[in-house]
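Residue numbers (this note's numbering): 346 to 1268.
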């Protein structure tokens, strides 16, 4: 005898009574099949796949991407499916319904060709399919109307199959009703995300009536309930029907003999097994899953298309999650088989009675239908909201309206207010309870002030702490913690506000105890201190307020630290760090400082969030003394500096007196020393004056060099170094030629007018400069320019290699990026001052200083001119050849300047002055 295993998919033949591949019991094969040779296991095909002409894949090797989807749409168009030829001649195929919409075959929407029946449901059964006895019973009782049936052979000599046509109900499927509802422009009408609650109640009652009618009248039970198989009898109505009766099993019959439903999200655990008997409880599980999706617009089970994952989700179905605890309780009890049709009808009737129309509630001149809008208006009213709610008449009206409008809502806050209306902050607590119930995702507020984490931190940062005290004393934070905050969007409520008043109380107690203890230590040290400096600094320490412990300041610190204000925590650490100075820390402060820093470090290690109550209290106590400790350090160091300065002055005076007594000289000795010093200065000055013509020459050529740089752009004539990672800073570039005052009326020659470049060149080479000079020179001056270039080239070739090419006053081959004319102007000014005051100054020191300055600037000029090979100075000469009218003025001014500078003045007579030593000469 051979057996076959269906495994909720294709029948799989095997040789034993237990299928090792699918780990389930098998069913004996019919006797007619015993004579046929067993087909190879790998080539066994599914009859449904034969019908649709699809390649069969072994069930154990089907990848997840090819597994059938539980709620997918039709897998293909009607022209891609191989149907019997007789069926194709009789009907025009319109649409193929999903595979989950039928049991034992496939369903199509079709239109008869030669019959005015309109659109029908065409059912083509799988080869060898035999319906259960429940189908005939249901048809006899009027469960569905069969229009026609027949037997046809599949193309290409395939097996024989049966078909039938059914009259489709006029309301369409529940799937279509749900999709059309969710696709509305205004969104789903139901407040839970799906159909309206009244419509869902009507459908639920109809489904339970359908199960009860099948069970009592026909002893049948449906095994394939889903939004794809359930139809509405009439358009706009809510009476569900099941036109495909092949999904009906005989009640209490063995599951192995009934139809095999497909694996969907709406299946029950009993549908996955071939053991046991068919019962109504499995159908109720499917009804609960269908109602859950109609109510919320999303399936109860969200598993993917993988069969193993979907089967595991069916076996371990999670609790219902519709967003309404009453619906969740009903669906869980229905799926668990704990209620029947009568209980469901009673629940729906009670629900409908509670949902009777309620008059709008009027507040502030407006009518409110939604409790959430009314509570939001009370919260937005600030302090007027609790004041209005404190009136017993208003409280009773609101409680009655909420009882009829939102019976499932939590009204315990109003009940407490009605019982004890004179209790402090009773109205605020009641309003906070209503806000947590109806506005779970809004920011909690207290009399207009935000009291979430950020709001409490802002209240703690204010000068006026009365609002923060009222928030903590009123007890509204217990209900405010039920509202979701921005910092913890994934957590139920706000974990930071949960238990915050208790934490604040413990922290304030710790702060008060530690403050009093530290104050006692301070008073004890004042009385016992023997060091004069420390005792004097300690006596000046006084509290900032009426006492060392300030409740408002402590509350400010505690709240901000408990709520995780990281900026304030860093500020506290900085303030405490300023009080720690090795060797001078007061003994009364050391214990509190060490305890506070250790506790902060331990509670904030590895995290940057809020600290605990102990650390917050210790920090608040420490911040009551930090400024006094800083003042103690300041006074102590100031006193020590004053004493040290006095000691140093006294020691200096004693040393000066000893030195004067030890090394003092007579007036004659001091006059001789001054005479020798002046003689040395005069000798150095005369020797430096011998270089005066060299100063004049270098100054003259330096002026020409500056003129050349001004005329030919202040940039180096060597390329920038390759290692520079960033370009030189942009700078203003002078024009290529400068027109003198005498030539302002002269129009430039057309061939010499060149547009200014868009960007400054980064360098001009030696050869390029002379090439530009030759191009700009007059034809008669070309020979002179060539001679000057030849002289510069010879000088450049004879220069040693260790001279940097183009060195500019000590800057190497780079011109300064900012104000390039500043350095040469300073050098020329120094040289001019040396030339002028090296002779005409009245004091020896100034004359000698000017002579040294002139010598140093001359050395810098000569170094640059030699390194530059006189390039720019000779270029200035070519410029003078080109603009000789203006050059006459330059030469005249230069000649006059040289004559003035070169004129030797008379040696001035030094004025005598009176000194403490009685010297007859000046310095």
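C-beta: ideal position from N, C-alpha, C; glycine also. Treat the numbers as computed from the prediction; the structure is a model and nothing was measured.
If you draw a straight line from the C-alpha of residue 1199 to the C-alpha of residue 1169, how long is it? Here residue 1199 corresponds to residue number 854 of the chain shown, with the count starting at 1. Here residue 1169 corresponds to residue number 824 of the chain shown, with the count starting at 1. Straight-line Cα distance between these residues: approximately 14 Å.
Where residue 470 falls, given that 16 or more other Cβ within 10 Å makes a residue buried = Taking the chain shown and counting its residues from 1, one reaches residue 470 at position 125. That one is buried.
Inset, instruction - Would you mind reading off the limits of the alpha helix (DSSP H) that contains residue 893? - result: Walking along the chain shown from the start, residue 893 turns up at place 548. Run containing residue 893: none; DSSP gives neither H nor E here.
Worksheet entry | Where residue 1184 sits in the DSSP three-state scheme | Along the chain shown, read from residue 1 onward, the residue named residue 1184 stands at position 839. DSSP places residue 1184 in helix when its eight states are reduced to three.
Keeping to the same chain, check which residues put their C-beta closer than 8 Å to that of residue 769; ignore five residues upstream and five downstream.
Here residue 769 is taken as the residue at index 424 of the chain shown, counted from 1. Once the five neighbours on either side are set aside, the close Cβ partners of residue 769 are 818 and 819.
| message | Quick check: residue 829 and residue 791, are their CB atoms within less than 7 Å of each other? | response | Within the chain shown, numbered from 1, the residue matching residue 829 stands at position 484. Within the chain shown, numbered from 1, the residue matching residue 791 stands at position 446. Going by C-beta atoms, residue 829 is not nearer than 7 Å to residue 791.
| query | Between residue 553 and residue 565, what straight-line distance do the alpha-carbon atoms span, to the nearest angstrom? | reply | The residue labelled residue 553 in the question sits at position 208 within the chain shown. The residue labelled residue 565 in the question sits at position 220 within the chain shown. Those two C-alpha atoms are separated by around 14 Å.
In this structure, what does DSSP give as the bridge partners for residue 1022? Sequence index remark: in the chain shown, residue 1022 carries index 677 (1-based). In the DSSP output, where bridge partners are listed per residue, residue 1022 has none listed.
Assigned secondary structure, residue 751 (DSSP; H/G/I helix, E/B strand, else coil)
Here residue 751 is taken as the residue at index 406 of the chain shown, counted from 1. Assignment of residue 751 by DSSP, reduced to helix, strand and coil, places it in the coil class.
Please tell me whether residue 624 and residue 582 are closer than 7 Å, where the distance is taken between their beta carbons. Taking the chain shown and counting its residues from 1, the one referred to as residue 624 is at position 279. Taking the chain shown and counting its residues from 1, the one referred to as residue 582 is at position 237. No. Outside cutoff.
Between which two residues does the beta strand (DSSP E) harbouring residue 611 extend? In the chain shown, counting from the first residue as 1, residue 611 sits at position 266. Residue 611 -> no beta strand (DSSP E), and no H or E assigned at all.
Buried/exposed call for residue 1035, threshold 16 Cβ in 10 Å:
Here residue 1035 refers to the residue found at position 690 of the chain shown. Per the 10 Å Cβ criterion, exposed.
Between which two residues does the alpha helix (DSSP H) containing residue 1211 stretch? Position 866 of the chain shown holds residue 1211. Residue 1211 -> alpha helix (DSSP H) spans 1189-1212.
Segments assigned alpha helix (DSSP H), at least 4 residues, entirely inside the stretch 628-654
Within the stretch 628-654, no complete alpha helix (DSSP H) run reaches 4 residues.
Three-way DSSP call (helix, strand, coil) for residue 977 in this model: Stepping through the chain shown from its first residue, residue 977 is reached at position 632. In the structure shown, the three-state DSSP call for residue 977 is helix.
Exercise. Measure from the alpha carbon of residue 493 to the alpha carbon of each residue in 464, 504 and 474, then state which is nearest.
Key: Position 148 of the chain shown, counted from the start, is the residue given in the question as residue 493. Closest option to residue 493, Cα to Cα, is 464.
Notebook entry, point to check: Can the beta-carbon of residue 905 be found closer than 7 Å to that of residue 805?
Noted result: Position 560 of the chain shown holds residue 905. Position 460 of the chain shown holds residue 805. Closer than 7 Å, so yes.
query: Are the beta-carbon atoms of residue 680 and residue 557 separated by less than 7 Å?
result: The residue labelled residue 680 in the question sits at position 335 within the chain shown. The residue labelled residue 557 in the question sits at position 212 within the chain shown. It is not a contact, given that the beta carbons lie outside the stated cut-off.
Using a Cβ-Cβ cutoff of less than 6 Å, which residues in the same chain neighbour residue 476 once the five nearest sequence positions on both sides are dropped? The count along the chain shown starts at 1 and reaches residue 476 at position 131. Once the five neighbours on either side are set aside, the close Cβ partners of residue 476 are 591.
| said: Using the Cβ count rule (16 or more neighbours within 10 Å means buried), how would you classify residue 935? | reply: Stepping through the chain shown from its first residue, residue 935 is reached at position 590. Under this definition residue 935 is an exposed residue.
Span separating the alpha-carbon of residue 525 from that of residue 633: Here residue 525 refers to the residue found at position 180 when the chain shown is read from its first residue. Here residue 633 refers to the residue found at position 288 when the chain shown is read from its first residue. Rounded to whole angstroms, residue 525 to residue 633 spans 21 Å at the Cα level.
Q: Let me know if residue 834 comes out buried or exposed under the rule of 16 or more other beta-carbons within 10 Å of its beta-carbon.
A: Here residue 834 corresponds to residue number 489 of the chain shown, with the count starting at 1. So residue 834 ends up on the exposed side.
Checklist entry - From this set, 1047, 674 and 665, which residue's C-alpha is nearest residue 1208's C-alpha? => result Sequence index remark: in the chain shown, residue 1208 carries index 863 (1-based). Checking every option, the nearest Cα to that of residue 1208 belongs to 1047.
Classification of residue 749 by the beta-carbon crowding that lies within 10 angstroms, buried from 16 upward: Reading the chain shown from its first residue, position 404 is the one you call residue 749. Burial call: exposed.
Would you decide whether residue 1004 is buried or exposed? Buried here means 16 or more other CB atoms lie within 10 Å of its CB. Residue mapping note: residue 1004 aligns to position 659 of the chain shown, counting from 1. With fewer than 16 Cβ atoms within 10 Å of its Cβ, residue 1004 is classed as exposed.
Residue closest to residue 946, alpha-carbon to alpha-carbon, out of 933, 932 and 961: Residue 946 sits at position 601 when you count from the first residue of the chain shown. Ranking 933, 932 and 961 by Cα distance to residue 946 puts 961 first.
- Message: My output table needs one value for residue 810: the three-state DSSP class, helix, strand or coil.
- Response: The sequence position of residue 810 within the chain shown is 465, counting from 1. Of the three classes helix, strand and coil, the one that applies to residue 810 here is coil, per DSSP.
For residue 1224, which of helix, strand or coil comes out of DSSP? For the purposes of this step, residue 1224 is taken as the residue at position 879 of the chain shown. Residue 1224 carries a helical assignment under DSSP once its states are collapsed to helix, strand and coil.
Would a C-beta distance cut-off of 7 Å place residue 705 and residue 718 closer than the cut-off? Position 360 of the chain shown holds residue 705. Position 373 of the chain shown holds residue 718. In this structure, residue 718 does not lie closer than 7 Å to residue 705 by Cβ.
For residue 853 versus residue 822, is the C-beta spacing smaller than 7 Å?
Against the chain shown, residue 853 aligns to sequence position 508. Against the chain shown, residue 822 aligns to sequence position 477. It is not a contact, given that the beta carbons lie outside the stated cut-off.
Any contact between the stretch 536-552 and the stretch 635-642? By contact I mean 3 or more CB pairs, one from each, below 8 Å. yes
Q) Is the stretch 1178-1193 touching the stretch 1206-1220 in the sense that three or more CB pairs, one from each, lie closer than 8 Å? A) no
Name the one or two DSSP bridge partners that residue 470 has. Working through the chain shown from its first residue, we reach residue 470 at position 125. Partner(s): 450.
Close-in-space but distant-in-sequence residues of the same chain around residue 1049 (CB under 6 Å, 5 per side omitted) | What you label residue 1049 is simply residue 704 of the chain shown in a count that begins at 1. Counting only Cβ-Cβ distances below 6 Å, and skipping sequence neighbours, we find 1218 and 1221.
### Beta-carbon contacts of residue 838 that lie in its chain and below 6 Å, excluding the five residues immediately before and after
Numbered from its first residue, the chain shown carries residue 838 at position 493. These residues qualify, in order along the chain: 826 and 827.
*asked:* Mapping the DSSP letters down to three states, classify residue 1269 as helix, strand or coil.
replied: Outside the shown range of the chain, which is 346 to 1268, sits residue 1269, and nothing can be said about it.
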